Every structure is written in structure tokens, then in C-alpha cells.
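Note that the working numbering gives residue -6 to position 1 of the sequence shown, counting from 1, and the numbers run on in steps of one. Backbone N, C-alpha and C define an ideal beta-carbon position, used for all residues, glycine too. All figures in this text were calculated on a predicted structure; none of them were measured in a lab.
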Amino acid sequence: FMFIYTAISSILRGLGDSTSPTWFLLFATVINIILDPILIFGWGPFPAMGVAGAAWATVFAQAVSAVLALRHLFKVNKMLETDLRRYLPQADLTWKTVVIGLPAGVQQIVVSLGALVLTSLVNSFGDTATAAFGAAARLDQFAFLPTMSIGLATSALVGQNLGAGWEHRAHETLRWSALLAVGITAAVTLTALAFPRQILSVFTQDPAVLAEGARYLRLVSLGYIPLSLMFAINGLLRGAGDTLPTMITSISALWLVRLPLATWLSRLPDYGTRGIWIGMAVSPLVGLVISYIYYRAGWWRRKVVVRQE
């Protein structure tokens, strides 16, 4: 069900409709919230299922989002064919999908493995560091999620413009996406720098955790703006169908910069966990430099396969 929803959401974004997938997801979230206590505690005619109830609620909510997406795709959006025979697998299109999608899949796997390694490194410094990392990292989502969404929107708009032969509009899309991303992350960065303890006090009152978490925010938040710019540039590259450089950029920034630098600095006597936070702040800047160089070189133009069809 999750695959169906994700695939159709990508199709709709490619058609310029990013609102409908959001509504489907919100509707599924509401259903999940309602069903969780009902199935976990056994309200009404339903038996108490415990943790399994939460799992069933999630599955049902995902099924609803998939059904809504399917209905919208074939009944509401008239730009697509309703004859299912037109959707039989085609070898050339399947191969192009694999070539474009495989780097993104590999990127997610490798990045997830890197996150596990980083978490293990933080855990080696004790409970205080682990708690501070868990609490402070939640603020990261306020910087990451909006900019990731901007990157997705950039991919859709760039793909449409390049497909129409309007390369200048693809560059314009990147400029506006970058400005919007910087505006959002600058606000989050300033908030993290000015009020780190106040933010963390929502999650904990432990003085040691607050101190460590504040140190995290003051250092790691410096990488929010470079990361947002990297997301915007990578959005353009994905929209052009050139997904391999985005994979290389993310993996290089994580495995060649963040993890080695964080490990090395954290072992120095005067650094400790501060070395980890510095490594996390520096790596987005390296990723941005790599992405920007590739963008300026223009090699991604060779990957614009849609224009050739």
C-alpha cells in the first residue's frame, strides 16, 4: 500500500499536482490516529490487540491512502489514460526507471547505514550524549522536511520545464527554490542559535542534557543552510533525470567527511561529543560544493532524456 501511494504521489507531482498527495496523507494520518486507541485498547466491538493493533491501524490507513490515490489517478485526473492495457510493462521504460531510481534507492540505504554508525558513535559517549542527540535532532526535522519538500517540488517543476525545452525556466526554478530554502533554514538556524535551551526544555529538564543539546544545536544548525541549498540543487539534477551525482554527493558527504571527521575529532582530548557535532555541521558544506560544481559544469544536461522523446 505504501508503494502504491508513493508511486502515484510521484506521478501526480510530475503532473504538477502536489496538493492531492498531501490530502491523501493527512486523511490516512487522521484514520491512523483514530484507529490506534480503538485497536490497541479494544474499544467498542473490537478486541484489545496491543501493539498488533497499532500495526493493523497503520496498514489500514496506508490502504486508504492507496485507494484514494488510485481513484484520483484514474477518475479525477483526466490527463492519464484509463485503459489499463496502456500500463503494461515496457522494457525500455522499465530500464529507464531502474537507471534513474536505483541511485536514489542505494542512496537511502547507504545514508540509513551511516545514521546507524553515527548513532553508535554518539551512544559510546554515554546516556547524556544519547539523550541530547535524540532531543536536539528533532529540531533538525524543522529544517530538513521543508527543504526536502522544496527539493521534490523543484524536481517536478524542472522535469516539466526541461521536457518542454525551457531550460531557462529550470534555472529560474532553482533560484527561487534556493531562496525559499535559505529563508526557511535561516529562520530555523537563528532560532536554534538564540534559544537552544528553551527549545530543548520541551523534551527534557536534565541540566546536563540541556547543556549538551544546546552545544549540538549551536554547531549543527550552522549546516542547515548549506544542506538546504544542496537539496535544491539535487532537486534540479533529479528533475533532469541525473540521479547518480546526488547519490555520490550524499554518500561522499556522509562517509568521506561526516563520519571520519566526527570519529577523529571525537577522539581528541579537547573535543569529545563536540567533535561529532562539528563533523555534522561541516559535511553539508562539502556536499553543497560538490553539487554546485556539478551543476555549473552542466553535465546534467546530457541526462535530459524526456526532451529527446
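Restricting to Cα atoms, I'd like to know which of the options is closest to residue i.
i    : options                : result
L111 : A255, R294, L167, G265 : A255
L63  : A108, Y(-2), F118, A41 : Y(-2)
A244 : G228, S214, G280, L28  : The sequence shown places Ile at residue 244, not Ala. The candidate whose alpha carbon is nearest that of I244 is G280.
G305 : Y287, L278, R267, P253 : What is shown of the chain runs -6 to 302, which leaves residue 305 out entirely.
D120 : L66, A201, A59, P189   : A201
G127 : L109, S142, A225       : L109
L186 : A125, R211, L5         : R211
F17  : S3, N227, L193         : S3
T140 : T236, N227, G158       : N227
L215 : L278, A47, I143        : L278
A157 : A0, I1, L8, W88        : L8
V250 : I93, F224, I283, Q83   : I283
S170 : H161, R190, F224       : F224
L229 : R289, Q191, P262       : R289
G46  : P30, M(-5), G94, Y285  : P30
Q101 : F39, L261, P262, T242  : T242
S142 : F(-4), Y285, T15       : T15
S117 : I27, F39, R260         : R260
Y285 : F188, K89, R168, S113  : R168
The ligand SAH and residue i: does any heavy atom of the ligand fall closer than 7 Å to the residue's C-beta?
i    : result
H164 : Judged by which ligands are present, the structure shown has none, so any question about the ligand SAH falls away.
Quick one: what's got a C-beta closer than 6 Å to residue i's C-beta in the same chain, skipping five residues either side?
i    : result
V57  : A21, I24
V213 : W270, M273, A274
Y287 : P238
H65  : S13
P96  : T236, L237, M240
F196 : A128
R190 : L203, A207
Excluding the 5 residues preceding and the 5 following residue i in the sequence, name in chain order all residues of the same chain whose CB lies nearer than 7 Å to its CB.
i    : result
T51  : N25
A125 : V202, E205, G206, Y209
A130 : none
L61  : F17, F20
V99  : M240
R231 : S148, T239
I1   : A62, L63, L66
R300 : Its pLDDT being 41, under 50, R300 is placed unreliably in this model, and the coordinates cannot settle the point.
S194 : L203
By Cβ distance below 8 Å, which residues in the same chain neighbour residue i in space, the five residues on each side in sequence not counted?
i     : result
A233  : V151, G152, L155, A163, W293, R294, K296, V297
Y264  : L258, I271
S11   : L5, L145, A146, A149
L247  : V103, V104, G107, S276
V44   : I33
V115  : A122, T123, F126, T266, I269
M42   : L32, I33, G35, W49
F(-6) : V52, Q55, A56, S58, A59
P82   : none
D199  : T121, A124
message = Under 8 Å, with one C-beta from each stretch per pair, do the stretch 140 to 150 and the stretch 173 to 192 reach the 3-pair mark?
response = yes
query = When the Cβ atoms of the stretch 191 to 209 are set against those of the stretch 217 to 230, are three or more pairs found closer than 8 Å?
reply = no
message = Check whether the stretch 127 to 137 and the stretch 179 to 186 touch, using three or more Cβ-Cβ pairs below 8 Å as the test.
response = yes
message = Threshold first: 4 residues or longer. Then list the alpha helix (DSSP H) segments lying entirely within the stretch 59 to 145, N to C.
response = The stretch 59 to 145 is shown to contain whole alpha helix (DSSP H) runs of 4 or more residues at 84 to 116, in chain order.
task = Taking only runs that begin and end inside the stretch 174 to 239, name each unbroken beta strand (DSSP E) of 3 or more residues, in chain order.
result = none
message = Which runs of the alpha helix (DSSP H) at least 4 residues long sit entirely within the stretch 35 to 60? Give them in chain order.
response = Complete alpha helix (DSSP H) runs here, min 4: none at all.
task = Please specify which runs of the beta strand (DSSP E), each continuous and at least 3 residues long, are wholly inside the stretch 240 to 276, giving them in chain order.
result = none
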